Structure formats: C-alpha cells, structure tokens
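Letter by letter, the sequence shown follows residues 5 to 108 of this note's numbering. Glycine included, each C-beta is placed from N, C-alpha and C at the ideal position. Predicted model, so just to flag it, every value in this text is computed and none were measured. Below is one structure, written out as structure tokens; comments come after it.
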Amino acid sequence: MSYAVIETGGKQYRVTAGDTLEVERLPVEAGQTTTFDRVLLLNLDGQVRVGTPTVADAAVVAEVVAHKRGEKKIIWKMKRRKGYHKLQGHRQELTVVKVKEIKA
Numbered sequence: 005m006s007y008a009v010i011e012t013g014g015k016q017y018r019v020t021a022g023d024t025l026e027v028e029r030l031p032v033e034a035g036q037t038t039t040f041d042r043v044l045l046l047n048l049d050g051q052v053r054v055g056t057p058t059v060a061d062a063a064v065v066a067e068v069v070a071h072k073r074g075e076k077k078i079i080w081k082m083k084r085r086k087g088y089h090k091l092q093g094h095r096q097e098l099t100v101v102k103v104k105e106i107k108a
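As structure tokens, this is what we get:
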C-alpha cells in the first residue's frame with residue numbers, strides 16, 4: 005500500500021489514494037483538481053523516500069469536493085478580581101479534498 009505525507013496550510017497529512025480530508029482553504033473552485041507539491045515522505049510498496057525537505061518530482065493530485073467552515077471555537081479570556089472578561093469566536097475556512105493519485 006502506497007502513501008505520502010504532504011504539507012499544506014502549515015500542517016502535515018498522511019494520505020493514500022481515495023482519502024478524503026479537510027485542509028485549510030485553498031484558492032481553487034469546487035470540482036477542479038489541485039496538486040500538492042510539498043511531499044515530505046513517499047512510500048511506494050515498501051520503498052520509502054524521505055525528502056530533504058521535500059521529495060523531488062513527487063506530487064499528490066486531489067480533487068476539490070467542497071468549501072466549508074469548521075466548527076465554532078470559543079475563546080474566553082478573564083482576569084480574576086479585575087472585572088475583565090472577553091468572549092471571542094472563530095470559525096476556520098476549510099476545503100474538502102479527495103485524493104486521486106500519488107505521482108512519483
């Protein structure tokens with residue numbers, strides 16, 4: 005079984021062909037394909053190639069399924085006995101991608 009470790013949005017993901025994952029928002033329309041060039045590790049049927057920092061001539065092709073927003077995170081700051089408290093919310097913009105193939 006072949007898999008790759010890619011980096012996008014400052015995070016690393018272990019992917020195989022057919023996987024669906026949520027990554028940080030990509031500037032690509034839904035239905036189009038995108039290529040992840042930052043492949044950090046590549047395992048093709050037991051032959052492992054580790055990049056320094058990336059594997060040369062390796063890429064992961066994925067199809068953009070949809071764009072969505074993640075769950076709401078609540079940030080609550082408070083200083084006791086000072087009368088200070090602050091409430092803030094955040095929802096991350098996400099892109100759902102489906103991995104088509106791993107090119108080496």
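R85 has its alpha-carbon roughly 44 angstroms from the corresponding atom of L25. Bounds of the beta strand (DSSP E) holding K77 are K77 to K83. In this structure, the straight-line span from the alpha carbon of R73 to that of V101 is close to 14 angstroms. If you draw a straight line from the Cα of Y17 to the Cα of H89, it is about 36 angstroms long.
An exposed status is given to L91, since fewer than 16 other beta-carbon atoms sit within 10 Å of its beta-carbon.
Secondary structure at G74: coil, using DSSP grouped into helix, strand and coil.
Judged by DSSP secondary structure, G35 falls outside any beta strand (DSSP E); it is assigned neither H nor E.
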